[in-house]
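Asker: Top line first, the protein sequences correspond to chains A and B.
Residues are numbered in the working numbering as their position in the first sequence, beginning at 1, plus a constant of 43.
Residues are numbered in the working numbering as their position in the second sequence, beginning at 1, plus a constant of 9.
Here it is, the structure, as structure tokens.
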Amino acid sequence: MWKAISIIAFVLVVAVGAKWIADGAQVFSKDKQQVVVVDEMFGTESTEWEDGFWLGLDVGGPVMGVLIGVGVFGLYRSRQAK
Amino acid sequence: MLQRFMIVIALGFLGVSPILAETPLGLAVEGVQKIRLNNKVGKSQIKFVSEAPMENIHGTASDIVGDLTFDPANLEEMTARIEVGVASMETGIKKRDEHLHSKDWLDAEQFSKIIFEVKELKDVSVKAQEAKADIKATAMGQFTLHGIIKEISIPVEMTYLLASEKTKKRASGDFFVIKGKFQIALKDFDISGNRGMVGSRVGTEIELDANFFGSTVSDAAKE
Chain A
44 MWKAISIIAF VLVVAVGAKW IADGAQVFSK DKQQVVVVDE MFGTESTEWE
94 DGFWLGLDVG GPVMGVLIGV GVFGLYRSRQ AK
Chain B
10 MLQRFMIVIA LGFLGVSPIL AETPLGLAVE GVQKIRLNNK VGKSQIKFVS
60 EAPMENIHGT ASDIVGDLTF DPANLEEMTA RIEVGVASME TGIKKRDEHL
110 HSKDWLDAEQ FSKIIFEVKE LKDVSVKAQE AKADIKATAM GQFTLHGIIK
160 EISIPVEMTY LLASEKTKKR ASGDFFVIKG KFQIALKDFD ISGNRGMVGS
210 RVGTEIELDA NFFGSTVSDA AKE
């Protein structure tokens, strides 16, 4: 069972890391993202804000840290069980 | 003697000519024009960027009102007052926006507006076509932020567009667009923020990129 927990934890670490990279690898999580809108008449750019959640290292870092801890602990316990 | 006199006259003329410069718009527009910022023409917005070792912050301010007045025969005498609501400043993180508006930073409660006041234009050049004039100039005036007023000069690019069937689809009147980029130093406006933040998480200088859109105001609306 500990081996399975460990595998799940490491898979989640990879998933959280991938989400962090996909969201722009920012330090801080964002709840709004800029969308650039071009005005055709003048060629100027303005910014609209799109609501959502983009993962930053401030949230992703601790989550990955805990998951790595769980994964390592799982490996240790599975080896002990052997 | 005559040669010396001619040189003095020539130098005097060169010295005075910039003061007397009167650059016309170059379009069939007569009389003093009043422009009011109008979001139907285009979205007036200031984008700001703070670059610091820990993070780059990109934000906007969109609550912008203002009026400009100018004589098409003498663009140098253009005046303007543009107000930006501090509470409309966004950076993509709600909590950070709250900090930005708080007393530690811009103090939106006490200093609710950022104000540009243009007193005159310098170094004006105009490229006029049939229905459009592109103006390049340096806007001279005052910039008020955090209750502190500083003299400022901003290179600006402006476009005057005569009303047409195309413009009428957005708004009435002639259109006027102003674009300008400049930098401000936070310490010049007594903005120090939370201890140690400026220089690490917030840049000591903020880059501003402004786009303002307006249209001419009819005589009835001017009253």
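No residue lacks a Cβ here, since even glycine has one placed at the ideal position from N, Cα and C.
Being a predicted model, the structure only gives us computed values, none of them experimental.
Could you have a look at S26/B and say whether DSSP puts it in helix, strand or coil?
Answerer: With a pLDDT of 49 at S26/B, under the threshold of 50, the modelled position of that residue is not reliable, and the figure given next carries that caveat. Correct three-state label for S26/B: helix.
Asker: Beta-carbon of T168/B versus every beta-carbon of chain A: anything under 9 Å?
Answerer: With 9 Å as the cut-off, T168/B counts as an interface residue toward chain A.
Asker: Could one say the Cβ of N220/B lies closer than 9 Å to chain A's Cβ atoms, at least one of them?
Answerer: Yes, N220/B counts as interfacial toward chain A.
Asker: Which partner residues does W97/A have in the DSSP bridge list?
Answerer: K73/A, per the DSSP bridge assignment.
Asker: Indicate whether the contact test is met: 3 or more Cβ pairs, each with one atom in the stretch 91–109 of chain B and one in the stretch 119–129 of chain B, closer than 8 Å.
Answerer: The stretch 91–109 of chain B is in contact with the stretch 119–129 of chain B.
Asker: Residues of chain A with CB closer than 7 Å to the CB of T69/B, please, in chain order.
Answerer: The answer, in chain order, is T90.
Asker: Can you tell me where the beta strand (DSSP E) with D132/B in it begins and where it stops?
Answerer: Counting along the chain, the beta strand (DSSP E) containing D132/B begins and ends at K122 to A137.
Asker: Counting only the same chain and skipping the five closest in sequence on each side, list residues whose C-beta sits under 7 Å from that of P27/B.
Answerer: Per-residue confidence for P27/B stands at a pLDDT of 49, beneath the threshold of 50, marking its modelled position as unreliable; the derived number appears in the next sentence. So the list is empty, once near-sequence residues are dropped.
Asker: Using a Cβ-Cβ cut-off of 9 Å, state whether P105/A counts as contacting chain B.
Answerer: So no, P105/A is outside the interface.
Asker: Give the residues of chain B in contact with F96/A, contact being defined as C-beta atoms less than 8 Å apart.
Answerer: Going along chain B, no residue has its Cβ under 8 Å from F96/A, so there is no contact; the nearest lies around 11 Å.
Asker: For D82/A, which three-state DSSP category applies?
Answerer: The answer is coil: DSSP assigns D82/A none of H, G, I, E or B.
Asker: Is I102/B close to chain A? Criterion is C-beta to C-beta, closer than 9 Å.
Answerer: Closer than 9 Å: yes.
Asker: If I follow the unbroken beta strand (DSSP E) through K43/B, where does it start and stop?
Answerer: That run of the beta strand (DSSP E) goes Q42 to L46.
Asker: Which of helix, strand or coil does DSSP assign to A146/B?
Answerer: A146/B falls in the strand class under three-state DSSP.
Asker: Less than 9 Å separating the beta-carbons of K126/A and F53/A?
Answerer: No information on residue 126/A is available, as it lies outside the stretch 44 to 125 that chain A covers here.
Asker: Could one say the Cβ of K62/A lies closer than 9 Å to chain B's Cβ atoms, at least one of them?
Answerer: K62/A does not count as touching chain B.
Asker: Here's a check: name, in chain order, each residue in its chain whose Cβ is nearer than 7 Å to the Cβ of S209/B, leaving out the five neighbours to either side.
Answerer: Taken in chain order, the residues that qualify are A61, P62 and M63.
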